[in-house]
Structures are given as C-alpha cells and as structure tokens.
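**Q** Position in the sequence shown counted from 1, then plus 12, gives you this note's numbering.
Heads up, the beta-carbon is just placed ideally off N, CA and C, and yes, glycines get one too.
Since we're looking at a predicted model, the values are computed, not measured.
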Amino acid sequence: MARNGRIWFEGAKYHVTSRGIRRSSLFFDDEDYQKYLSLLEATMYKHPFKLHSFCLMTNHTHLQIETMKTPLSTIMKKLNTNYAKYINKKYEFTGHVFEKRYGAELLNSPEYEIDVSKYIHLNPVEAGMVNAPEDYPWSSYRAFIYGAKIPLVDPKYILSYFPEPPSQHYQRFMKLTPMDKLYWKDGKLFTVKDGGIPCGQK
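(1) Would you report the Cα separation of residue 68 and residue 192, rounded to the nearest angstrom?
(2) Does the distance from the C-beta atom of residue 30 to that of residue 80 stay below 9 Å?
(3) Is it true that the region 150–169 meets the region 178–193, where meeting means three or more beta-carbon pairs spaced less than 8 Å apart?
(4) What are the uninterrupted segments assigned as alpha helix (DSSP H) that are 4 or more residues long and contained completely in the region 172–200, given in chain order?
(5) Using DSSP with H/G/I as helix, E/B as strand and the rest coil, what is residue 65?
(6) Kindly list the residues whose CB is nearer than 6 Å to the CB of residue 142, restricted to its own chain and excluding five residues on each side of it in sequence; keep chain order.
(7) Given this structure, state the Cα-to-Cα distance separating residue 168 from residue 73, to the nearest angstrom.
(8) Are the beta-carbon atoms belonging to residue 54 and residue 94 less than 9 Å from one another?
(9) Use the C-beta contact count for residue 114: other C-beta atoms within 10 angstroms, 16 or more gives buried, fewer gives exposed.
(10) Put residue 204 into one of helix, strand or coil per three-state DSSP.
(11) Would you decide whether residue 170 is buried or exposed? Buried here means 16 or more other CB atoms lie within 10 Å of its CB.
(12) So residue 72 is in the beta strand (DSSP E); what residue range does that whole segment cover?
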C-alpha cells in the first residue's frame, strides 16, 4: 500500500517524533545523547532549519522544527540514518534502530506551537524521570527559563509570544492546567489567574 505524501512547504513547522524499533532504547549513555545532538547540528549545517525546542527521551525523540529550503523528509533521513549507523557500530547491533517512519505533526497556529513546546518540555516529568522540567539535561527547557547556551536551539521565537519578562511567563505557562484561561493581547499570550490578573502582574 502506498504511503500518504507528507505536506511540506518552505517555512512549515512540525512536531517531529522518532522512536526506537519495537520501543527499544535509542540512548544508552551520555555519549549517545551528545552524539545525537552533534549529528543534529551537522544536519542543520548541511540542510539549514530552525529548531524551536527539543527533548531526547530514552527510546524516542521530540523535535520542534521549522523548515527552510529543505523538505523535512531530507532532514530526518540524514539525521536518523547517521545516528543509526553510529549506534549499530558502537554496540555491534544489526538491523533497524528507528521505527521505519518518523512522525510529523504540522503546526498551523501559534497556540499549537506553544502547546507543543510545553508538551515536549514536560515529557520527562510525565514519564516520572524528573520532578521538574529544568532537572532534565537533554531538553531545551533550560535555554527557555535560564538563558542556558544551547547552540542548536533559539528560544526567542516561542518566547516572543509572551509578555515581558518572557522567561517568567513561559515558566508559569508550563504550570498551568487545562482549566486555566488564556487570552491574547497585542500579539502576546496572557494567563488569567488570581481574580483576572494577567500572568506576572500584581
């Protein structure tokens, strides 16, 4: 059966997931995580794209990508193929490392982009690996709230949707429940809490 074609256009934004074959691990030690990030950087250099957020879990990865001139399929084929070669050589494995096809959700609104960024950064917490997203070393969250230098990712795009100071507003947004109300004002996202006071104001 033929696969459905993926939607791609210049500037398309995606939530991309890649999973280990049969839910097997993709990362076995710190060197593996570092190698994946170095290959991600090399792929970005050869086929430029923007990385808005990421999280590397034990047996899967999350990338929030904005494409430029290169289709997502080309980017992911190069990245996953090179990482699979590395894993098979290092551990003397054979066969597939990833599931045959990566997952890609097209992000078609600012709300969706912000929600995906939150979902990605909360993944280690939801999995019970850490108590807070800032405790997990293999995600972009620390760049968002602490300004940590992570060359691959630039948090300014997502943070631009929040009022000043954006890092504090984003951190508070991460703690919201589905019952908390949000509203837009002048292109910025506010949360209505504590009697209708916008997030960060008293």
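**A** Straight from the coordinates:
(1) Walking along the sequence shown from the start, residue 68 turns up at place 56. Walking along the sequence shown from the start, residue 192 turns up at place 180. If you take the alpha carbons of residue 68 and residue 192, they lie about 28 Å apart.
(2) Locating residue 30 in the sequence shown gives position 18, counting from the first residue. Locating residue 80 in the sequence shown gives position 68, counting from the first residue. No, the pair does not count as a contact, with Cβ atoms beyond the cut-off.
(3) yes
(4) 178–186
(5) On the sequence shown, residue 65 is found 53 positions in, with the first residue counted as 1. Three-state DSSP puts residue 65 in a strand.
(6) Residue 142 sits at position 130 when you count from the first residue of the sequence shown. Taken in chain order, the residues that qualify are 136, 148.
(7) Position 156 of the sequence shown, counted from the start, is the residue given in the question as residue 168. Position 61 of the sequence shown, counted from the start, is the residue given in the question as residue 73. Going from the Cα of residue 168 to the Cα of residue 73 covers about 22 Å.
(8) As a working note, residue 54 is residue 42 in the sequence shown. As a working note, residue 94 is residue 82 in the sequence shown. A contact, by the Cβ cut-off of 9 Å.
(9) Within the sequence shown, numbered from 1, the residue matching residue 114 stands at position 102. Under this definition residue 114 is a buried residue.
(10) In the sequence shown, residue 204 corresponds to position 192, counting from 1. Looking at residue 204 - three-state DSSP - the assignment turns out to be strand.
(11) Against the sequence shown, residue 170 aligns to sequence position 158. That one is buried.
(12) Here residue 72 refers to the residue found at position 60 of the sequence shown. It spans 72–79 - the beta strand (DSSP E) in which residue 72 sits, taken as one unbroken run.
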